[in-house]
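Reading through the structure tokens given below for one structure.
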Amino acid sequence: MSERESMEYDVVVVGGGPAGLAAALRLKQLATEQNRELSVCVLEKGAELGAHILSGAVMDPLALTELIPDWKDKGAPLNVPVTQDKFLFLTRTGARKTPNWMLPACFQNHGNYIVRLGDVVKWLGEQAEAAGVEIFPGFAAAEVLYDDNGAVRGVATGDMGVARDGSHTDHYQPGMELLARYTIFAEGSRGQLGRQLIERYKLDEGRDPQAYGIGLKEMWEVDPAQARPGLVMHTAGWPLDADTYGGSFLYHLDNNLVAVGMVVGLDYANPWLSPFEEFQRYKTHPAIRGVFEGGKRIAYGARAITAGGLLSLPKLTFPGGVLVGCEAGFLNASRIKGSHAAIKTGMLAADAAFDAVAADRRQDELSAYPAAFEASWLRTELNKARNFKQWFKKGQTIATLMTGIEQLVLKGNIPWTLHRTKPDHACLQPASECARIDYPKPDGKLTFDRLSSVFISNTNHDENEPVHLTLKDPTVPVAVNLAKYGGPEARYCPAGVYEFVKDDHGDDRLQINAQNCVHCKTCDIKDPTQNIVWVAPQGGEGPVYSGM
């Protein structure tokens, strides 16, 4: 077997999203300001920067302005300022609009921009490369490397050219070690390596269990008569029941493009619920369907979001590394925004790492990073929203009322704190205790099936490579998940990866269609037995989103 080659850097960044690129660029900015040499590289598992980026997205430019004050002059793709906010409560056939004067600050978007976050990430990558950052797309970090003292000393990329049976093909190439004084982990929600680091260093000890949601999104080219560039609309209510956390968004971009999506909290109880089908039928509501009739769906994707907020943030540092962005969970669920938080945390981590390298330190804990976060505007913002998700566990009516009181009346100066005690995977109830949900068949015009959706996500995996959706115990899906929960993986997966089929003897078995995986990580989060573990496939594989 060939030995792995290694490369050494001052800082290695794992993940080429907003957090990782902001960290890399900030490091180079500081080096230039102080006339120092500093080597920085970014590893991105997607085929290109932005390939795996999926977000709504309405972007608060505050952190970007701190990072690149002249972003407008440099052509940042923030081209559609928000001109109107609209919030609807939906019933099955009706819609009630909330007067704008009653909208709490978290739903007011004046000064923000509707963006295609994948395009923003590509542009950020251009700025980072121009500053001297080395960026390696198509290389998935598959292993954390540790020194003899247990500190992180870098990462290794996955081997390429491995067959499904574990043998090496003619195209085999061993992974490469990337060693660093400090490693910044910015993999996004439920990152493979981040999950391992949280467990190894017990970073979540004493914190509320992390909370997640699945976000599903489509991009449509609509009839010009339906286009309203700058309109931001959110809804709550139907098709979800009052006890299920979630809501939808509908953002009008330029060029007759509309981004539509739904977020469903992964703490839902009914195993018969399918977030994908809930999203599809949302588009049939009388207040929504007119936007899309006569239009064309051009893109689809899905991604888990980390929504626990301030109370679920793990410890951010450990010897030799830090967690930033959605890897840690800095999303502000009440604002439905995370890119500004990702950029800010990437900058704060970079500041701490640069000072440590300049002082000739290595692989210790960057305690200046969490200290800077505690003193930042981001911490203040997240503190105001700390109870948002917890109120929704008490039902939509109470949650709406209390969010209004906390955000509108108290202006975020909240004298109480609510805590969560149960992780999302423990929230499913037995299928026999829950009402079945019968979803209508897709019409192929407004609503669609999973496979046609995956097709337009441009997802690709080598069918001969090892399955990257691994099972700790292959007997559990049938013996427990199917028997007790009705096989929920066949419904919570938005890409048709999991299906229960009969074998030659008429017995049930779980079939894993790994080639369909859009890397949303929902299975890794929601599996009630925590038997499914998502690991990175060969670098460059998965979806290739176009400006999603």
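So the number in the working numbering is just where the residue sits in the sequence shown, counting from 1, plus 2. Where is the CB? At the ideal position from N, CA and C, for every residue including glycine.
Roughly how many whole angstroms lie between the Cα atoms of N516 and S459? Reading off the sequence, residue 516 comes out as Ala, not Asn. About 15 Å.
Looking at C-alpha atoms only, which residue of V266, A437 and T423 is the closest neighbour of L218? V266
Suppose you measure from the CA of I534 to the CA of G156; what does that come to, to the nearest Å? Using only the alpha carbons, I get a separation of about 26 Å.
Does DSSP classify P545 as helix, strand or coil? coil
Just curious, the beta strand (DSSP E) that F251 is in, first and last residue? Its beta strand (DSSP E) spans residues G248 to H254.
Hey, how far is the Cα of G488 from the Cα of F278? F278 has its alpha-carbon roughly 17 Å from the corresponding atom of G488.
Any idea if P417 is buried or exposed, counting beta-carbon neighbours within 10 angstroms, 16 or more meaning buried? exposed
Quick check: the Cα distance between F375 and T382, rounded to an integer number of angstroms? 9 Å
Between the beta-carbon of C429 and the beta-carbon of D529, is there less than 7 Å? no
G327 to H342, Cα distance in whole Å? 9 Å
DSSP on V84, reduced to helix/strand/coil? coil
Cα-Cα separation, R94 to Y284: 9 Å
Environment of D552 [buried if 16+ CB atoms lie within 10 Å]: Beyond the ends of the chain as shown, which are 3 and 550, falls residue 552; an answer cannot be given.
What is the residue span of the alpha helix (DSSP H) that L380 lies within? Counting along the chain, the alpha helix (DSSP H) containing L380 begins and ends at W379 to K386.
In terms of alpha-carbon separation, which member of D464, N466, T423 and A492 lies closest to E207? Cα-wise, what sits closest to E207 is T423.
Is E491 buried or exposed, if buried means 16 or more other CB atoms sit within 10 Å of its CB? buried
Hey, how far is the Cα of V15 from the Cα of A130? 12 Å
Cα-Cα separation between K47 and G544, rounded to whole angstroms: The C-alpha of K47 lies about 9 Å from the C-alpha of G544.
Boundaries of the alpha helix (DSSP H) in which T34 is found, first to last residue: Boundaries of the alpha helix (DSSP H) harbouring T34: P20 to E35, taken from the DSSP string.
Return the chain-ordered ranges of every alpha helix (DSSP H) run that is complete within the segment 441-476 and spans a minimum of 4 residues. 452-457
Quick one: Cα of D475 to Cα of V469, how far? Rounded to the nearest angstrom, the two C-alpha atoms are 14 Å apart.
Taking DSSP's pairing of strands, which residues face D510 in a bridge? K504
When the Cβ atoms of the segment 220-234 are set against those of the segment 249-256, are three or more pairs found closer than 8 Å? yes
Note the first and the last residue of the continuous alpha helix (DSSP H) segment covering T171. Premise fails: T171 lies in the beta strand (DSSP E), H170 to Q175, not in any alpha helix (DSSP H).
If you draw a straight line from the C-alpha of I200 to the C-alpha of G292, how long is it? 46 Å
Which one of E35, Y500, Q513 and L40 has the shortest CA to CA distance from D362? L40
I'd like the list of long-range same chain contacts for F109, defined as Cβ closer than 7 Å, with 5 residues on each side in sequence excluded. Closer than 7 Å at the Cβ level, and outside the excluded window around F109, lie D87, F89 and H236.
Identify the continuous beta strand (DSSP E) that holds Y302 and give its terminal residues. First-last of the beta strand (DSSP E) with Y302: K298 to T308.
Secondary structure at C328, three-state DSSP: helix, strand or coil? Helix.
Straight-line CA distance for R118 to S369? In a straight line, the C-alpha of R118 is about 34 Å away from that of S369.
Short of 6 Å in beta carbon distance, which residues of its chain neighbour S336, apart from the five on each side in sequence? Order them along the chain. C108, A387 and F390
Is it buried or exposed, I407, if we count other Cβ atoms within 10 angstroms and call 16 or more buried? exposed
Less than 7 Å between C-beta atoms, sequence neighbours within five positions excluded: which residues of the same chain meet that for P288? T95
Residues bridged to R197 by DSSP? None; R197 has no bridge partner.
How about E223 and K298: are their beta carbons less than 7 Å apart? Yes, Cβ-Cβ distance for E223 and K298 is below 7 Å.
Could you have a look at I55 and say whether DSSP puts it in helix, strand or coil? coil
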